[in-house]
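As given, the protein sequences belong to chains S and C, one line each in that order.
Position one of the first sequence corresponds to residue 1 (our numbering), numbered consecutively onward.
Position one of the second sequence corresponds to residue 1001 (our numbering), numbered consecutively onward.
Where a beta carbon is used, it is the ideal one built from N, C-alpha and C, also for glycine.
Because the structure is a prediction, the values reported are computed rather than measured.
In what follows, a single structure is set out as structure tokens and then discussed.
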Amino acid sequence: MRTTRVVVSGIGFVTSIGNDRATVSRNLRELWPGIERFDFLPGTELPVKVAGTIKGFDTTAPQWAGWRWPAGYTIPKDVLRGLPPHGLYAFCALEQVIADSRLTAEILVDGETGLFCSSAGSPRLMRQYLNQIHDSRGERIAPMSVVSSIAGTLNFNFAAHYGIRGAVAGFASACASTTQALGYGFDEITLGRQRRILVVGGEDLSWESIYTFHGMRALSRNPDPARASRPFDRDRDGFVGTGGAVALMLEDADSAQARGASIYAELLGWGQASDGSSVAITHPEGQGLARAMRRALDSAGVTPAEIDYVNAHATSTPTGDLSETRALQAIFTAAGARPPVSSTKALTGHGLSMAGVMETAFCALGLAEGFIPGNANLENPDPACEGLNLPRTTVSHAPRLVLKNSSGFGGSNACLVLRRWES
Amino acid sequence: MTITPAEAQMSATEKLNGFPPAVTESYLAFAESGEASRLDHVVLGVLQFYLAQPPPQPLVELPGTTRLVEDLGCDSLTMVDTLFLAESLFNIRLADDELARVSTLDDLRGHFQRHIMGQAEMTA
């Protein structure tokens, strides 16, 4: 019998729909999108025209010395020099979560605090540095080229900066990464190994990070920012990419309460399962995701009928949304349950490895503040979605139990069950 | 001279974006004049910008015997960052084993003057 309760005790956002909790909450409720026209490669006519843009930051300069960020963040140069663009976002998100959860410098280094991160690394910096090495015939290698560009850069940088002495790890399961990080963070706390785990996801917004997905025709070619990302819609044609960073504190409830931290939600359990079928395409019947949902529900000890809201992974790709639909039908429709299902990627775009922690933070806000975001941009629901409850507007009903889905390359699926906090 | 004024203009736009204007001004002035004092302001200005803790006064005003590690808290990565950028700005290549001999501000000045101007006697 598990006695430790794991809660979300802090959130930090740098996203296309806002760089602070209040703005993100307002935009989720009002379904105000963060997607804009975006020129991935100036001077070209690429078929992909939109992205979930990050406002208030400018990381277009090739060197960190030329980057700009919102007032209020003091970033030491010895930290900045090792960061990729999304590391800058992540620094700001982490500073928010540390303040939000009332963490002190002493707690960060007490060995009871861990750090789990995920990003794809920085393909932009990697290209820049590799070109430099190649063009100089090996004579010029920027000192921080490796640690600032490879996957793992977030955990390298922030474990060092904050002096983290607990568990530190990176996750590399593509778009399921930070959901897995939250799941394993939950395990670390319930097993008594750690009292709290900071989970951070981040991604660059650049042609190197996003436009490369056009190679598999996964990106929307719809040039209209208001209609390009339309999960579950009959006319969806691919996902819209976004960058940013989100940080979330998972913590033993007793520890959070003793410190007087705000508690947004309780993480009740999680589950994961792999499709075992394709390197890049989800199983057509969503079998792996259905198993992951079942395991998450079992882990949390709840039934499909008890779930009040599902935050779907649905990225707006024709095949991915269909496979998640099949999985949802297998778990919910088959059990006679019709919880509201929505994908907030219609507002934000798809944050790749960051998506799981970003959308879990959205769920935590909905649980704490009593709302369910609707499906923005959904005009003509795909007939295949029959039986699913897909609200088009925000639901002012306070959910008690929420399921969060994530799926990634290679068929990795991870799901979380969160509950409204009741002390 | 290792760079022309036109090359320096392009290089400054690309590589000194975000640096204090005085560093850029000194860099462009050095490309025009070749004056050693301008070179000092570039090299020490870059190092000062990279230092995690600001020095008590501008590096160009500190004694040449000021030690990089002990007095300024300059770690090895900051040193390599400084040298890497300076190599790129002046289109030179510094041998790795020479870096080990750079321990004071005068060492740093002299190092670049020798490589860029070929005038070891100009070391302050």
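Judged by DSSP secondary structure, Ser136 (chain S) falls outside any alpha helix (DSSP H); it is assigned neither H nor E.
For the segment 47-71 of chain S, the set of positions with a beta-carbon nearer than 9 Å to some beta-carbon of chain C reads Ala61, Pro62, Gln63, Trp64, Ala65, Gly66, Trp67, Arg68 in chain order. The beta carbon of Ala384 (chain S) sits closer than 7 Å to those of Leu322, Thr325, all from its chain and outside the five residues before and after it, given in chain order. Under the DSSP definition of a beta bridge, Tyr309 (chain S) partners with S:Val402. Here Gly271 (chain S) carries a strand assignment [DSSP, helix/strand/coil]. For the pair Asp135 (chain S) and Gln128 (chain S), the Cα-to-Cα distance works out to about 11 Å. When S:Pro231, S:Pro47, S:Gly351 are compared, the shortest CA-CA separation from Ser118 (chain S) is found for S:Gly351. Looking only at S:Gly271, S:Asp204, S:Ala51, S:Cys415, the smallest Cα-Cα distance to Pro33 (chain S) is reached by S:Ala51.
Look at the segment 1079-1103 of chain C and you find these whole runs of alpha helix (DSSP H), each 4 residues long or longer: 1096-1099. Cβ neighbours of Pro85 (chain S) within its own chain (closer than 6 Å, five residues either side excluded): Thr59, Asp204.
Secondary structure at Thr74 (chain S): coil, using DSSP grouped into helix, strand and coil. Taking 8 Å as the cut-off, the beta carbon of Ala253 (chain S) is found no closer than this to the beta carbon of Arg420 (chain S). Contacts between Glu139 (chain S) and chain C, judged by CB atoms closer than 7 Å, involve Arg1093 in chain order. Nearest Cα to Tyr211 (chain S) within the set S:Thr104, S:Phe239, S:Ser423, S:Glu359: S:Phe239.
At a cut-off of 8 Å between C-beta atoms, Glu1070 (chain C) does not count as an interface residue with respect to chain S. When DSSP states are grouped into helix, strand and coil, Phe409 (chain S) belongs to the helix group.
When C-beta distances to chain S are compared with 8 Å, the residues of the segment 1044-1069 of chain C below that value are Phe1049, Tyr1050, Leu1051, Ala1052, in chain order.
Taking a beta-carbon distance threshold of 8 Å, Asp1040 (chain C) does not count as an interface residue toward chain S. For the C-beta of Arg81 (chain S), the chain C residues within less than 7 Å are, from N- to C-terminus, Asp1081. Neighbours of Glu1087 (chain C) across chain S, judged by C-beta separation under 8 Å: Arg140. Going by beta carbons, Ser206 (chain S) and Asn413 (chain S) fall outside the 8 Å limit. Counting along the chain, the unbroken beta strand (DSSP E) around Arg37 (chain S) starts and ends at 35-37. Asn155 (chain S) sits in a helix when the DSSP states are folded into three classes. Judged by pairs of C-beta atoms under 8 Å, the segment 32-48 of chain S touches the segment 224-232 of chain S, as three or more such pairs exist. Between Ser16 (chain S) and Thr348 (chain S), the C-beta spacing is below 8 Å. Secondary structure of Arg259 (chain S) (DSSP, three-state): helix. Classified as exposed, Val279 (chain S) has fewer than 16 neighbouring CB atoms from the shown chains inside 10 Å of its CB. At a cut-off of 8 Å, the C-beta of Pro84 (chain S) has no neighbouring C-beta in chain C.
Nearest CB-CB separation between Pro42 (chain S) and chain C: not below the 8 Å threshold. Taking C-beta atoms as the reference points, Phe1019 (chain C) and Phe1049 (chain C) count as a pair closer than 8 Å. Around Leu1099 (chain C), no beta-carbon contact reaches into chain S at under 8 Å, the shortest distance being about 11 Å.
If you check the CB distance, Leu1051 (chain C) and Gly1073 (chain C) come in under 8 Å.
Pro339 (chain S) places its beta carbon less than 8 Å from that of Asn389 (chain S). Excluding the 5 residues flanking it on each side, Pro1055 (chain C) has same chain C-beta neighbours closer than 7 Å at Gln1048, Leu1062, Leu1072, in chain order. With respect to Val199 (chain S), Ala181 (chain S) sits close: the two C-beta atoms are nearer than 8 Å. Around the beta carbon of Asp233 (chain S), 16 or more other beta carbons sit within 10 angstroms, so the residue counts as buried.
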